[in-house]
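Here is the structure we will look at.
In full-length UniProt numbering, the protein residues as written are 1 to 133.
If you want it as C-alpha cells, here you go:
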C-alpha cells in the first residue's frame, strides 16, 4: 500500500467527492482566478507554481481525494476545506457560479490597478529632465 493510499484512509470524505465533475461546462479561466485568490489567502503569496499544479491535477485526474492528499504538504491543515470548497464549486449546476465570477472580477481589477500604476510610473520617469532620448 502506497503512502498516498494510507493517507486517503485517514479522512472521512464528503459524499460530494464521489460525484464526477464535467470540466467542459466550467470556465477554466474563472477556476484559475478562484484558485489564485484562495491560494493567496491561504499561503500569503500568489504561488503560480502551486496554482498550475492544482490546475494540472484537475485536468488530469479530477479526483478530489487524490488532490487532497497531494496538496496536504502545501496547504497543511487548510487542505481538506480548500479541496471541499473547490469541488463543491465545480459541482454547482450553474454554468458559471457567482463565486467564480467574483474571483475573476477581483483578479481583473487587480490587474487594471497594476497597469495604471505602471503607466503613472512611466509618465513620471518620462517627465524627468535628462531622460529623454
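By construction, the Cβ of each residue, glycine as well, lies at the ideal position given by its N, Cα and C atoms.
Fair warning: this is a prediction, and the values are worked out from it, not measured in the lab.
Start-to-end residues for the alpha helix (DSSP H) that takes in residue i
i	result
residue 15	Note, residue 15: premise wrong, no alpha helix (DSSP H); not H, not E.
residue 11	Looking at the DSSP string, residue 11 is not in any alpha helix (DSSP H), and its letter there is neither H nor E.
residue 42	28 to 43
residue 70	64 to 75
residue 60	48 to 60
residue 112	98 to 127
residue 22	Here residue 22 belongs to no alpha helix (DSSP H), and DSSP marks it neither H nor E.
residue 85	79 to 91
C-beta contact flag for residue i and residue j at 9 angstroms
i	j	result
residue 90	residue 12	no
residue 58	residue 71	no
residue 75	residue 113	no
residue 69	residue 8	yes
residue 104	residue 30	yes
residue 64	residue 2	no
Cα-Cα separation, residue i to residue j
i	j	result
residue 21	residue 87	8 angstroms
residue 33	residue 23	15 angstroms
residue 120	residue 38	29 angstroms
residue 130	residue 56	49 angstroms
residue 122	residue 115	11 angstroms
residue 98	residue 10	33 angstroms
Neighbourhood of residue i by C-beta, 6 angstroms cutoff - its chain only, sequence neighbours within 5 removed
i	result
residue 35	51, 54
residue 48	none
residue 102	none
Proximal residues to residue i (C-beta, below 8 angstroms), its chain only, five neighbours per side dropped
i	result
residue 78	42
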